[in-house]
Structures are given as C-alpha cells and as structure tokens.
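Asks:
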Amino acid sequence: MAVNLNTQQVEESKQKGMTDSTRDNDPKMTFHTDLVINDIIARSLESQANPLTKEPSSSISFRTTARIIMMLNRTLKRASSSCNRLLESLPEDIDYWRNLAESRGVAIQRYQRVVDTQRRRIETLERDLQTLVRLARETQQMLAEIGAEKRAKQERGHGEHAN
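The opening position of the sequence shown corresponds to residue 1 in the UniProt record's numbering, with each subsequent residue numbered one higher.
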C-alpha cells in the first residue's frame, strides 16, 4: 500500500513537472529535485517489497544520491542566477572592458616607447663597442709598429743608449 501511495505521488509529481516544464522552456529549469528523490524512494520501496536474490551492491547510498542531487540543483540555481546577473550588467561590463582596453592601449604605447628607447640605447652601445674594437685594433697596430721600430733601432746600433 505504501508502494502504491509513493507511486501515486511520483506520478503526481511527474504531471506537475510536466506542467512546470511547459511553462519554462529552458531545459535547465525542468529539472526538479523532488521528482528525482520521490522516484528513488519508490524504486527502493519496490525493491524492498520484492526480496529477490540480492547481488552485492556497487551503487552509492540513497542519502549520498539525495545529497548529490540537492547539491547539483543548488549549483544549477546559482549558475542560472549568476548568468542572469551577467546579462543584466552587460552594458556596464562593456564600458568597463572598453575603458580597460583603452588604458591597456596607453600602457602598451608606454611599453613601446620604453622598448624603442632601450633599442636605441643598445644600438648606441653597439656603435660604441665597434668604435672601441676599432680603436683597440689601431692601438695594437701602432704598438706593433712601435715594437718593430724599437727592435730595428736596437739591431742597428747599440750605442744610442750610451751617453
């Protein structure tokens, strides 16, 4: 008799769910927690009324299933409400993102100026380094010439140093 009562409740809930679902065409809003819980209760009562050979259960408990369903339902409601809030605040968000993009544009221009300045500094340093390398080579050549002249003088006459 309890099974019949629960079955009737499930059918009434299904009919109520059908009328609710025709009102709300959104597939997210047609999900009713009470309907699922009543269905689970009816099935568990039917299985208890007909004790057949029990197989080891690999499923989760009714309480855990009910908690999961309730949690999913809350998450769904939160998601739909946050979606509605996002849709309501869309014009403000457009202004926010536009202002953010413009401010980022200013920052990007500033970074480009910094990069250009650094590039010019690097080019100046490279030119200075090339100049220093050229001067070092010229200095080496001059020192080599001076060393060659000194050796030539020493070979020609040792008497120049004596006073």
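Even glycine gets a Cβ: it sits at the ideal position worked out from N, Cα and C.
Helix, strand or coil for residue 44, going by three-state DSSP, please let me know.
Replies: In this structure, residue 44 counts as helix in the three-state DSSP scheme.
Asks: Got a sec? Which residues, its chain only, sit under 7 Å from residue 62 by beta carbon, not counting five neighbours each side?
Replies: These residues qualify, in order along the chain: 40 and 44.
Asks: If you count every other CB in all the chains shown that lies within 10 Å of the CB of residue 42, and 16 or more means buried, which is it?
Replies: Looking at its Cβ environment, which holds 16 or more other Cβ atoms inside 10 Å, residue 42 is buried.
Asks: What's the C-alpha gap between residue 124 and residue 95?
Replies: Going from the Cα of residue 124 to the Cα of residue 95 covers about 43 Å.
Asks: Ignoring anything shorter than 3 residues, give me the beta strand (DSSP E) runs that lie fully in the segment 74–145, in order along the chain.
Replies: Complete beta strand (DSSP E) runs here, min 3: none at all.
Asks: Considering only residues of the same chain and omitting the five flanking positions on each side of residue 157, which have a CB-CB separation below 8 Å?
Replies: Nothing meets the Cβ criterion.
Asks: Does DSSP put residue 147 in a helix, a strand or coil?
Replies: Looking at residue 147 - three-state DSSP - the assignment turns out to be helix.
Asks: Do the CB positions of residue 164 and residue 69 come within less than 8 Å of each other?
Replies: A query on residue 164 cannot be resolved here, the shown segment of the chain reaching from 1 to 163 and no further.
Asks: State buried or exposed for residue 141, treating a residue as buried only when at least 16 other CB atoms are found within 10 Å of its CB.
Replies: Exposed is the call here.
Asks: Could you give the distance in angstroms between the alpha-carbon of residue 137 and the alpha-carbon of residue 145?
Replies: The straight-line gap from Cα to Cα measures roughly 12 Å.
Asks: Might you give, ordered along the chain, the residues of its own chain that have their beta carbon closer than 8 Å to the beta carbon of residue 66, omitting 5 neighbours on each side?
Replies: If we look at residue 66 and ignore the five residues flanking it on each side, its Cβ neighbours are 37 and 40.
Asks: Straight-line CA distance for residue 105 to residue 85?
Replies: Whole-angstrom Cα-Cα distance: 29 Å.
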